[in-house]
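Chemist:
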Amino acid sequence: MKIALAIPAYQQRVHVQTAHAWAQDMATAIELGWRPMLLWTDCNSIEVARNTIVSQAMQADARLLLMCDSDTMPVPLEGGLKSMWGVMSATGSPVVGAAVPVRNGDSMNCQPARPGEVYPGVVGTGYMLIDLWKLRDLPRPWFKCELSDDGMSKSVGSDIGFCRAVQSAGYQVIVNFQLAMAHAETSAVATRT
38 MKIALAIPAY QQRVHVQTAH AWAQDMATAI ELGWRPMLLW TDCNSIEVAR
88 NTIVSQAMQA DARLLLMCDS DTMPVPLEGG LKSMWGVMSA TGSPVVGAAV
138 PVRNGDSMNC QPARPGEVYP GVVGTGYMLI DLWKLRDLPR PWFKCELSDD
188 GMSKSVGSDI GFCRAVQSAG YQVIVNFQLA MAHAETSAVA TRT
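Numbering (our numbering), first residue to last: 38 to 230.
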């Protein structure tokens, strides 16, 4: 099985701890007997970057896509692919996202937030495993932001919009709050308890 490991970078920067965890995830993929491929894109729009990654992974006939933001990482830095794959295998869901603290550290990227649990919900793409084959018929583009009624701000981010589209297609999105995650711009860590 082929897996794409991808980082939608921002201004050509990736946090060193994210890069370390990414390398650990690649090693895990090899241990599982998979063929990992690394994807990197840097666009001026996160939506464009995410959609470019999906397109590249599908063109390469990858079955799975592990998307990791350039400033998030599992804690400890052993990588999180094994945990994410375990949840995906157990639930059959085509999308599993880890609960990640937002930049200011006062909330999480998921709804609802139930620390220590694995449950259906919506979640940001800070660290997300996607089964591309199950979602190949999902309308494109997968990632697009929804604007407020006045068109002046985002009402829904492209990652939450993606989760809602997956749910509308009849699939569950699973939040993996058992995997501890950190955000480089805050000291907050999403813990298992």
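All residues carry an ideal CB built from backbone N, CA and C; glycine is no exception.
(1) Lysine 39 by DSSP, collapsed to three states: which one?
(2) For valine 160 versus cysteine 147, is the C-beta distance shorter than 7 Å?
(3) Looking at the C-beta of alanine 41, does it have a partner C-beta in chain B at a distance below 7 Å?
(4) Are the CB atoms of leucine 216 and proline 111 within a distance shorter than 7 Å?
(5) In chain order, what residues of the same chain have a beta carbon less than 8 Å from the beta carbon of threonine 128, not counting five sequence neighbours either side?
(6) I need the DSSP call for valine 51, collapsed to helix, strand or coil.
(7) Flag this pair as yes or no: are the beta carbons of leucine 163 and glutamate 183 separated by less than 7 Å?
(8) State the Cα-Cα distance for the pair tryptophan 122 and arginine 100, rounded to the nearest angstrom.
(9) Specify, as a first and last residue, the run of the beta strand (DSSP E) that cysteine 80 falls within.
(10) Report the option in Leu75, Glu115, Met95 whose CA atom is closest to the CA atom of lysine 171.
Modeler: Taking the definition as stated:
(1) Three-state result, lysine 39: strand.
(2) Going by C-beta atoms, valine 160 is nearer than 7 Å to cysteine 147.
(3) Absent from the structure: chain B. Only one protein chain is present.
(4) yes
(5) Val155, Gln209, Ile211
(6) Coil, per DSSP.
(7) It is glycine, not leucine, that sits at residue 163 in the sequence shown. No.
(8) 12 Å
(9) It is not in any beta strand (DSSP E) - cysteine 80 carries neither H nor E in the DSSP assignment.
(10) Met95 is the residue among Leu75, Glu115, Met95 whose C-alpha sits nearest the C-alpha of lysine 171.
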